[in-house]
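Chains as they are written, first to last, in the working numbering: chain H, 1 to 257; chain Y, 1 to 348; chain G, 1 to 299.
Glycine is no exception: its CB is placed at the ideal position from the N, C-alpha and C atoms.
Remember, it's a predicted structure, so these values are computed and weren't measured experimentally.
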Amino acid sequence: MQLARRLLATWTGFVFLFFYLPIAVLVLYSFNASRLNIVWTGFTFEWYARLLEDRVLVRTLENSLIVASVTTVLSVALGTAGAWLLYRYRYRGGSLLETLIFLPMIVPEVILGVSLLILFVTIGLQLGYTTIVISHVTFCFPFAMAAVQARLAGLDPALEEAAQDLGATPPQAFAKVLVPYLMPAILSGALMSFTLSLDELIVTYFTASAGTRTLPLEIFGRVKKGLDPSLNAISTVFILFTALAVFAIEALRRRNP
Amino acid sequence: MTRTIWRAAFAAALAALALAPLAASADEELNLFAWSEYVPQSVLDGFTRETGIEVNYETYSSNEEMLAKLVSGAASYDVIQPSEYTVEALVKEGQLLPLDHAKLPNLKNIGKGYWNQPHDPQLAYSVPYMQGTVGIVVNTKRIHEPVLGYRDVFQPKYAGRIVVLDDAREIVSWGLATQGLGPEQVTKENLEKVRPVLAAWLPLVKVYDSDSPKTALLNGDVDLGVVWSGEAALLIQEQPGKFSYTLPKEGAHMFIDNLAIPKGAKNVAAAHRFLDYVLRPDVSVKISKEFPYTNPNVEARKLLPKEALANPASYPPGDPKLATFRDIGRLAADVDKLFTDLKARSGS
Amino acid sequence: MRQEKTHFAVASTGAQHRPGRAAWLLLAPLVLWALAFVVAPAAIMLVYSFAQRGTLGGVVYTFTLENYAGVVDPVYLRILIRSIGYAALTTLLCLGIGYPVAFFIARADPRRRNLWLMAVMVPFWTSFLIRTYAWVTILKSEGLLNSLLLQLRLVAEPLDLLYTPGAVVLGLVYTFLPFVILPIYASVEKLEGSLIEAALDLGAGPLRAFARVILPLTTPGIAAGVLLCFVPALGIYAVNDILGGGRVDMIGNIIENQFKGNARNWPFGAALGTALLVSFALLYAFVSSFSRSSAARLR
Chain H
1 MQLARRLLAT WTGFVFLFFY LPIAVLVLYS FNASRLNIVW TGFTFEWYAR LLEDRVLVRT
61 LENSLIVASV TTVLSVALGT AGAWLLYRYR YRGGSLLETL IFLPMIVPEV ILGVSLLILF
121 VTIGLQLGYT TIVISHVTFC FPFAMAAVQA RLAGLDPALE EAAQDLGATP PQAFAKVLVP
181 YLMPAILSGA LMSFTLSLDE LIVTYFTASA GTRTLPLEIF GRVKKGLDPS LNAISTVFIL
241 FTALAVFAIE ALRRRNP
Chain Y
1 MTRTIWRAAF AAALAALALA PLAASADEEL NLFAWSEYVP QSVLDGFTRE TGIEVNYETY
61 SSNEEMLAKL VSGAASYDVI QPSEYTVEAL VKEGQLLPLD HAKLPNLKNI GKGYWNQPHD
121 PQLAYSVPYM QGTVGIVVNT KRIHEPVLGY RDVFQPKYAG RIVVLDDARE IVSWGLATQG
181 LGPEQVTKEN LEKVRPVLAA WLPLVKVYDS DSPKTALLNG DVDLGVVWSG EAALLIQEQP
241 GKFSYTLPKE GAHMFIDNLA IPKGAKNVAA AHRFLDYVLR PDVSVKISKE FPYTNPNVEA
301 RKLLPKEALA NPASYPPGDP KLATFRDIGR LAADVDKLFT DLKARSGS
Chain G
1 MRQEKTHFAV ASTGAQHRPG RAAWLLLAPL VLWALAFVVA PAAIMLVYSF AQRGTLGGVV
61 YTFTLENYAG VVDPVYLRIL IRSIGYAALT TLLCLGIGYP VAFFIARADP RRRNLWLMAV
121 MVPFWTSFLI RTYAWVTILK SEGLLNSLLL QLRLVAEPLD LLYTPGAVVL GLVYTFLPFV
181 ILPIYASVEK LEGSLIEAAL DLGAGPLRAF ARVILPLTTP GIAAGVLLCF VPALGIYAVN
241 DILGGGRVDM IGNIIENQFK GNARNWPFGA ALGTALLVSF ALLYAFVSSF SRSSAARLR
């Protein structure tokens, strides 16, 4: 078994190399002196300095973070509620509802974007934060729901019974027993939602307005001019920041299980 | 731990609610809907500084994208940046507001040649922003023979070394040019005539790229191509002496990007002020410096440095055969289908 | 995407109850959400697919079937088949490459598992566009990979890596691998360690134990991974555009073209989208029932 384990570990190592190679390149090129970011011409911190002056880029990063946060909260709420309710109760049309909920996950983003745009126009909803968040939640919360559903499938019903036998009311049983049990799935759903929302481009294109541009939209816009290294710089800063945050949370979690 | 997360999420939600109104309010605003990376931030900042009007710059990367959002009526824009054939289509559909020339004193700076173009004679609805051409770029370090026309580009010896724009309309117009037809002569019969020509050309292409064709040329993955003049000008600026730009002798596309005011504009006065601001020579020259296309503003040209005027991609010498695109209405779908079909057959 | 219940025959007080009014009330937001943001847009798309195109884009509400005729036009069918090919290949590669990784992480030290998962996700917090362009930098003829190969004298001339179908597949696999790894991980993680060891102890070689016991038990995870990879891969257009040099048009490009490109033919885009949507819904229903029945068979 040790051999198998070692083979798996080596394979995983190669896959991670594959994952991180472009990231390494991205980070490296954030120090590239050439503006056109195509050939390496020299080392510089210029782009990081420029970030501080680039109001637009920083503003769009803020927008992205806000949208992603709100999306995550709503997705987790809807997803957990949905997973729990569909698990507990046999609704008529329950599996239809489930299929409908999962549909946005698998529809081409252009279609999703355009159809939502037309919907918003038809009901007269102004494009902005609200519409972006709605679109993001629509395709993120199925992921959160799926994660919680998977976890629920492994739930030992005796657990809840025991809590109720010990005098807990259903809401208490939910909060004190179920939620902690579901927490890993909730967190994983939250992580997924956050990630998806942050990098979302196409649907956002159709449902954002001039004042609420997100970072991916801004980057997409700058492709024409050539992706100058300040975009690499902001990606690097961002990845560093979130990786640190995530590992900090993980460390905290391990100290208080 | 859980509580910390909830608290953080709650705070984030509150922050979002708190900041949202901030994004909405501003004293006076101008909604600019333009090509991405085509209006320098310095121009927008300068405008805000002088007038106090905040500019919201929303972008698109094709005329059709702009039309999609405009037609849906989802947002109202005060200034848009259509290309010439799109101006024609919009005027036909009554989607543009006529310009009040009295509010545009700097309009006189626009060169005479631009006042009588088929898409908007008399500049009643639009103001030229930048003009350009689509022409042949050659890496002269790798290719030493002259490449003077489309037929010279699409030769089997250059197979796999060519970059072209990913634009059905463009490529079809090049095919038409080699048949002695102008780009406006898009008919079903002419499309059939052009089909075998393009069927022979497309398998030779390595890269289709309308966003940044200079990338492939700089990378050395391709040695020649037919691209926007602005891209070529940047190449020439970046690596002088390496690249040449020639307008195809069979006939080249001249495009004019314009500023116009759509029908649903909320702030028409501010829109006019912006247009006039951009027409000022000192502002227009800033745009030229960032985007070395051909500046239709002759007063602004006087302020350009010699090297900029000498760039053959920005200011092509001689008297080339040029034509603008016209609105072809529904035939656009046929053009697209032809291109899609041939691309699919020639690709992999 | 119901996972099977892997715990054994405990009397089902956890069985599903009939919903009372409170339960329906709690479900209401979800139902409303689904109606408003899934059903309504889909209905609009459906209506558009039978309409005619407006001159500037948009639609004219005149009934026509020409859009669906276009959907089955050989020009587009060829592209659809090619897209299915790429999506299928990508899915198979992702499964082959990702399963061992998911297995490794799921069987790793429980304290480390989350870190491994984070490590999988972290690259995907950078902009997808920048990541894809980073691959351009790596794969181009004067790029990092070729430079390395030339330095090591492994090749005499730079390899033609970029702007090829291979580059597109690489990009697609890169994009979808985490979506395959995560559900498989979830499935493997739920397997009881004792089960795996029992299978291995019973004299079956590791390969047979894997094929006969472990793999079938993780079918739901695999099914989920397949759905999350195959279907979105069909709708992709940016990765193949950038890495394929714009030469590898897939059905996603066609749809995008109708709305954002030269074609200005929204109804046709809507018809393509509706056709895909219906196919996906059917595929999803099929896969769901398959995974449910295979789970039932295993018990």
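Which residues DSSP lists as bridging residue i, in chain order
i	result
Y:Pro262	Y:Leu96
G:Arg53	G:Val59
Y:Trp35	Y:Tyr60
Y:Gly135	Y:Val227
Y:His253	Y:Ala323
H:Ala170	The residue you asked about is not Ala; residue 170 of chain H is Pro in the sequence shown. According to DSSP, H:Pro170 bridges with nothing at all.
Y:Glu29	Y:Glu54
Y:Tyr351	Here chain Y covers residues 1 to 348 and nothing more, so residue 351 of chain Y does not appear.
G:Asn253	DSSP output for G:Asn253 lists no bridge partner at all.
Y:Ser83	Y:Asp257
Y:Tyr208	Y:Val164
Y:Pro156	In DSSP, Y:Pro156 forms no bridge with anything.
Y:Ile110	Y:Asn297
G:Pro232	In DSSP, G:Pro232 forms no bridge with anything.
G:Met45	G:Met45 pairs with nothing; no bridge assigned.
Short CB-CB distance (under 9 Å) between residue i and chain H
i	result
Y:Gln95	no
Y:Glu170	no
G:Thr13	Model confidence at G:Thr13 stands at a pLDDT of 41, short of 50, so the residue's coordinates are unreliable and nothing is read from them.
Y:Met1	Reliability fails at Y:Met1, whose pLDDT of 47 lies under 50, so the model's placement of it is uncertain and no value is given.
Y:Glu299	no
Y:Ala75	yes
Y:Ser72	yes
Alpha carbon of residue i to alpha carbon of residue j, nearest angstrom
i	j	result
G:Pro110	H:Gln149	21 Å
H:Gln126	G:Arg212	56 Å
G:His17	H:Ile66	38 Å
H:Glu160	H:Ala153	14 Å
Y:Val153	Y:Val138	9 Å
H:Phe194	G:Ala102	21 Å
H:Leu86	H:Gly94	7 Å
H:Val137	H:Ile118	17 Å
Y:Ala24	Y:Lys193	Its pLDDT being 42, under 50, Y:Ala24 is placed unreliably by the model, and nothing is read from it.
G:Trp116	G:Phe290	30 Å
H:Leu103	G:Leu145	39 Å
G:Ile44	G:Val60	13 Å
H:Leu28	G:Thr137	11 Å
Residue i classed as buried or exposed, judged by whether at least 16 other C-beta atoms fall within 10 angstroms
i	result
G:Leu35	exposed
G:Trp24	exposed
Y:Ser173	buried
H:Gly42	exposed
G:Phe286	exposed
H:Phe139	buried
Proximity test, Cβ basis, 9 Å: residue i and chain Y
i	result
H:Phe143	no
H:Val56	yes
G:Ser141	yes
G:Ile138	no
Short CB-CB distance (under 9 Å) between residue i and chain G
i	result
H:Leu258	The first residue shown for chain H is 1 and the last is 257, placing residue 258 of chain H beyond what the model contains.
H:Phe247	yes
Y:His142	The identity of residue 142 of chain Y in the sequence shown is Arg, whereas the question assumes His. So no, Y:Arg142 is outside the interface.
Y:Thr340	yes
H:Met183	no
Y:Glu64	yes
H:Asp199	yes
Y:Thr215	yes
Residues that residue i contacts on chain C, provided the C-beta gap is smaller than 9 Å
i	result
Y:Leu67	No chain C appears in the structure shown, which is made up of the protein chains H, Y and G.
Quick check on the DSSP output: what are the complete beta strand (DSSP E) runs of length 3 or more inside the segment 23–74 of chain H, in order along the chain?
The segment 23–74 of chain H contains no whole beta strand (DSSP E) run of 3 or more residues.
Kindly provide the ranges of any alpha helix (DSSP H) runs that are 4 or more residues long and lie completely inside the segment 126–153 of chain H, ordered along the chain.
DSSP assignment within the segment 126–153 of chain H yields the following whole alpha helix (DSSP H) runs of 4 residues or more, N-terminal first: 129–153.
What alpha helix (DSSP H) runs, 4 residues minimum, are completely inside the segment 81–160 of chain G?
With a minimum length of 4 residues, the continuous alpha helix (DSSP H) runs that stay inside the segment 81–160 of chain G are 110–121, 128–139, 144–151.
Enumerate, from N- to C-terminal direction, the unbroken alpha helix (DSSP H) stretches of 4 or more residues contained entirely within the segment 191–225 of chain G.
As far as the segment 191–225 of chain G is concerned, its whole alpha helix (DSSP H) runs of at least 4 residues are 193–201, 206–209.
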